[in-house]
Amino acid sequence: MMLAEPHSKSVRLNGLATCLRLEKVYWNILSGIASSNECSVNTVLSHIDREVHLRYGGVKNFSGLIRVVCVAHLLKADPVGITHA
Numbered sequence: 000m001m002l003a004e005p006h007s008k009s010v011r012l013n014g015l016a017t018c019l020r021l022e023k024v025y026w027n028i029l030s031g032i033a034s035s036n037e038c039s040v041n042t043v044l045s046h047i048d049r050e051v052h053l054r055y056g057g058v059k060n061f062s063g064l065i066r067v068v069c070v071a072h073l074l075k076a077d078p079v080g081i082t083h084a
C-alpha cells in the first residue's frame with residue numbers, strides 16, 4: 000500500500016512555486032511520462048497547467064486533473080489491459 004500514500008512535493012508551474020499532494024503511484028506515472036518525453040516532471044506539470052489555462056481558463060482541482068491525466072496516459076498505453084481487467 001506504499002503506492003497509495005500521499006506525498007507532497009514543491010513544484011514550479013510556469014514559474015510559480017506551489018505544493019502538489021499526490022499518491023506515490025501518480026508521482027511514479029508522472030516520472031514515466033517525463034522520462035518518455037525527455038523532460039522533468041515540473042515541465043510536464045507546467046505544460047498541463049498551461050494547456051488547461053489556455054483551453055478552459057484554469058481548473059479548481061489541479062491534483063484531481065493530474066490524476067485523470069495519469070489514468071488517461073495508462074489507458075492510451077494499454078487500453079485493452081485496463082478496460083477489460
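Sequential numbering of the sequence shown, starting at 0, is according to numbering that gives the first Met the number 0. By construction, the Cβ of each residue, glycine as well, lies at the ideal position given by its N, Cα and C atoms. For clarity, every value in this text was computed on a predicted model and none was experimentally measured.
Beta-carbon within less than 8 angstroms of residue i's beta-carbon, same chain only, minus the 5 sequence neighbours each way: which residues are those?
i	result
Asn13	Ser45, Asp48 and Arg49
Ala16	Ser9 and Val10
Quick check on residue i: does DSSP put it in helix, strand or coil?
i	result
Lys75	helix
Ignore the nearest five residues each way along the sequence and tell me which others in residue i's own chain have a CB closer than 7 angstroms to its CB.
i	result
Cys38	none
His72	Ile28 and Ile32
Of the choices the options, whose alpha-carbon is the least far from that of residue i?
i	options	result
Ala3	Arg54, Asn60, Ser34 and Arg66	Arg66
Ala76	Ser62, Ile32, Tyr25 and Leu53	Ile32
Met0	Leu53, Leu64 and Glu22	Glu22
Query raised in the report: What are the complete alpha helix (DSSP H) segments, minimum 4 residues, inside the region 13 to 71?
Result: Those alpha helix (DSSP H) runs which fall completely within the region 13 to 71 and span 4+ residues are 23 to 35 and 40 to 55.
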